[in-house]
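My numbering applies: residue 343 is where the sequence shown begins, and numbers increase by one.
Beta carbons: idealized from backbone N, C-alpha and C, even for Gly.
Quick notes on the structure that follows.
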Amino acid sequence: MAVVSTVPLSTREDLSLAYTPGVALVCEAIAENPALMDDYTWVGHTVAVVTDGSAVLGLGNIGPRAAMPVMEGKAVLFKQFGGVDAVPVCLDTQDTDEIVSIVKALAPSFGGINLEDIAAPRCFEIERRLVEALDIPVFHDDQHGTAVVVFAALRNAATLLDRKLCDLRVVVSGAGAAGVAVTKMLIAGGVEASAVIVCDSRGAIHAGRADLVPGSAKAELAERTNAGGVSGGIEAALDGADVLIGVSGGQIPERAVAGMAPGAMIFALANPTPEVHPDVAGRYAAVVATGRSDFPNQINNVLAFPGIFRGALDARATRITEGMKLAAATAIADVVAAELSADAIVPSALDPRVAPAVAAAVADAARREGVVRA
Numbered sequence: 343m344a345v346v347s348t349v350p351l352s353t354r355e356d357l358s359l360a361y362t363p364g365v366a367l368v369c370e371a372i373a374e375n376p377a378l379m380d381d382y383t384w385v386g387h388t389v390a391v392v393t394d395g396s397a398v399l400g401l402g403n404i405g406p407r408a409a410m411p412v413m414e415g416k417a418v419l420f421k422q423f424g425g426v427d428a429v430p431v432c433l434d435t436q437d438t439d440e441i442v443s444i445v446k447a448l449a450p451s452f453g454g455i456n457l458e459d460i461a462a463p464r465c466f467e468i469e470r471r472l473v474e475a476l477d478i479p480v481f482h483d484d485q486h487g488t489a490v491v492v493f494a495a496l497r498n499a500a501t502l503l504d505r506k507l508c509d510l511r512v513v514v515s516g517a518g519a520a521g522v523a524v525t526k527m528l529i530a531g532g533v534e535a536s537a538v539i540v541c542d543s544r545g546a547i548h549a550g551r552a553d554l555v556p557g558s559a560k561a562e563l564a565e566r567t568n569a570g571g572v573s574g575g576i577e578a579a580l581d582g583a584d585v586l587i588g589v590s591g592g593q594i595p596e597r598a599v600a601g602m603a604p605g606a607m608i609f610a611l612a613n614p615t616p617e618v619h620p621d622v623a624g625r626y627a628a629v630v631a632t633g634r635s636d637f638p639n640q641i642n643n644v645l646a647f648p649g650i651f652r653g654a655l656d657a658r659a660t661r662i663t664e665g666m667k668l669a670a671a672t673a674i675a676d677v678v679a680a681e682l683s684a685d686a687i688v689p690s691a692l693d694p695r696v697a698p699a700v701a702a703a704v705a706d707a708a709r710r711e712g713v714v715r716a
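The structure is reproduced here in structure tokens:
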């Protein structure tokens, strides 16, 4: 990565315009009208990619310094696919209050905040508090980017198999950041909450479990999902299920997926080792997706976050709503709607049609919902 100038600096006149004395006029204009910052500085097209290094890829809590290569990679993807400039910000603290305070203090330098690789459950509170405190988009990609692409994939898979979302029985393996967000988005998109079962390392989450902390994300899931009160492990949850979405990293035995309904859909998204190997999943499922690039149907967040931020910045959105996320998912799905097959339910991560389509849909949704600055 590098920072480059967008204006020439080859003459004294260039220098006097870009810096002193010319820059003072811009400072005075922004002091009088802070909204001009979007027009006259990089704020209108720049986001911070913020991490504490506590949940980096599948590597775990490796700290802020070791997380930097991932944040740089994320920034490069922002620029390549969305035309959005991004700055890695790796914080040497894993204290929730400190992270919120630091990001709030840094916010005037950016048009949006992309939270990345922050462990659950702290990530939920950090995002919630920042959304409440700031008037710029705040987006935890491990939650919502994953959820957007999963919903786009499920929408297309259901269309391909002539199934209705409201008729599907869905099991989500994993109740961390991605699992919670995926579940909420599926419900917002038309899957019946009562027909969803979320499993954590202790098995199915249900209202009768005594180990759930009141007010926690898991307790909320217990109230909204699993109306049948299914208990036990993943095998019990998958019995007769139509959809498995794996976002846990834990391995799921073949006997468990063998009990799924005919014509099932299996999205085993853990990297580098899927919860169910695609060869095994293919024995029981009509559509199989993974998080890997060497198998068909890669569920990759790069399909979502560059376009989502591009659209939010273009509309000068103050936040990213459920409607904007659903619009992004629909746009991703529509890119390949005319060319669906069991091996192509989502676009390639390199498909140049995706980010512009997502950006336009997100910007339109932001304006429609009125979450934009004048």
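In chain order, which continuous runs of the beta strand (DSSP E) of length 3 or greater are located wholly inside the region 358-388?
-> none
Compare the Cα-Cα distances from Arg354 to each of Pro363, Val346 and Ser347 and report the closest residue.
-> Pro363
Could you check which residue in Asp656, Ala390 and Ile650 has the C-alpha nearest to that of Gly454?
-> Ala390
Pick from Ala671, Met607, Arg715 and Ala537: whose alpha carbon is nearest that of Leu503?
-> Met607
Locate the beta strand (DSSP E) running through Asp439, then write down its first and last residues.
-> Element bounds for Asp439: not the beta strand (DSSP E) but the alpha helix (DSSP H), Thr438 to Leu448.
Within 10 angstroms of its Cβ, does Ser683 collect 16 or more other Cβ (buried), or is it exposed?
-> exposed
To the nearest whole angstrom, what separates the beta carbons of Val704 and Gly653, a pair I think is in contact under 8 Å?
-> 3 Å
Find out if the Cβ-Cβ distance for the pair Phe647, Ala559 is shorter than 7 Å.
-> no
Backbone CA spacing between Thr488 and Gln640 [nearest angstrom] | Thr488 and Gln640: Cα-Cα distance of roughly 11 Å.
Start and end of the beta strand (DSSP E) containing Ser479?
-> Correcting the residue identity first, residue 479 is Pro in this sequence and not Ser. First-last for Pro479: undefined, no H or E at that position.
Residues in its own chain within less than 6 Å of Gln356 by CB, not counting five upstream and five downstream?
-> The sequence shown places Asp at residue 356, not Gln. Counting only Cβ-Cβ distances below 6 Å, and skipping sequence neighbours, we find Pro350.
With a 10 Å radius around its C-beta and 16 neighbouring C-beta atoms as the bar for buried, classify Asn375 as buried or exposed.
-> exposed
Pro430 - DSSP class collapsed to helix/strand/coil = strand
Chain-order list of residues whose beta-carbon lies under 6 Å from that of Arg658 (same chain, five-residue window excluded) | Val714 and Arg715
Who pairs with Asn456 in a beta bridge, going by DSSP?
-> Val391 and Phe481
Kindly give me the distance between the Cβ atoms of Leu586 and Ser515, rounded to whole angstroms, as I take these residues to be in contact under 8 Å.
-> 7 Å
Under a three-way DSSP split, which group does Gly588 fall into?
-> Assignment of Gly588 by DSSP, reduced to helix, strand and coil, places it in the strand class.
Which residues in the same chain have their Cβ closer than 8 Å to the Cβ of Gly550, if we skip the five residues on either side of it in sequence?
-> Gly571 and Ser573
Contact belief for Ala699 with Asp656 at Cβ below 8 Å, rounded distance in angstroms | Rounded, the Cβ-Cβ distance is 13 Å, inconsistent with contact.
Contacting residues, own chain, Cβ-Cβ under 6 Å from Arg324 (five flanking each side not counted) | For residue 324 there is no data in the structure shown, the boundaries of the chain being 343 and 716.
DSSP state of Val473 mapped onto helix, strand, coil = Three-state result, Val473: helix.
Whose C-alpha, out of Asn643, Val644 and Gln593, is nearest the C-alpha of Pro620?
-> Gln593
Round the Cβ separation of Gly588 and Pro614 to the nearest angstrom and send it over; I've been treating them as touching at under 8 Å.
-> Not confirmed; about 13 Å, so no contact.
Kindly confirm or deny that the region 536-549 and the region 621-640 touch, where touching means at least three C-beta pairs closer than 8 Å.
-> no
Limits of the unbroken beta strand (DSSP E) element including Ala699 = Element bounds for Ala699: not the beta strand (DSSP E) but the alpha helix (DSSP H), Val696 to Glu711.
Can you tell me whether DSSP reads Gln593 as helix, strand or coil?
-> Under the three-state reduction of DSSP, Gln593 is assigned to coil, being neither helix nor strand.
Residue burial classification, Asp381 (beta-carbon count within 10 angstroms, cutoff 16) | exposed
When the Cα of Ala523 is compared with those of Phe493, Cys508 and Leu359, which residue comes out closest?
-> Phe493
Does the beta-carbon of Pro604 have 16 or more other beta-carbons within 10 angstroms, so that it is buried, or is it exposed?
-> exposed
To the nearest angstrom, how far is it from the Cα of Leu668 to the Cα of Phe452?
-> 25 Å
Contact set for Thr438: own chain, Cβ-Cβ below 7 Å, skip 5 residues either direction = Arg464, Glu467 and Ile468
Would DSSP call Gly425 helix, strand or coil?
-> Coil at Gly425, not helix or strand.
Own chain residues within Cβ distance below 6 Å of Ala671, not counting five before or after | Setting aside the 5 residues that flank it on each side, Ala671 is surrounded in the same chain by Val490, Phe493 and Ala494, each with a C-beta closer than 6 Å to its C-beta; the list follows chain order.
Check Ser717 in the structure and name its three-state DSSP category.
-> Past the boundaries of the shown model lies residue 717; the chain is included only from 343 to 716, so the question cannot be answered.
Distance, Arg505 Cα to Thr435 Cα | Each residue's Cα considered, the two are about 46 Å apart.
Does DSSP put Met410 in a helix, in a strand, or in coil?
-> In this structure, Met410 counts as helix in the three-state DSSP scheme.
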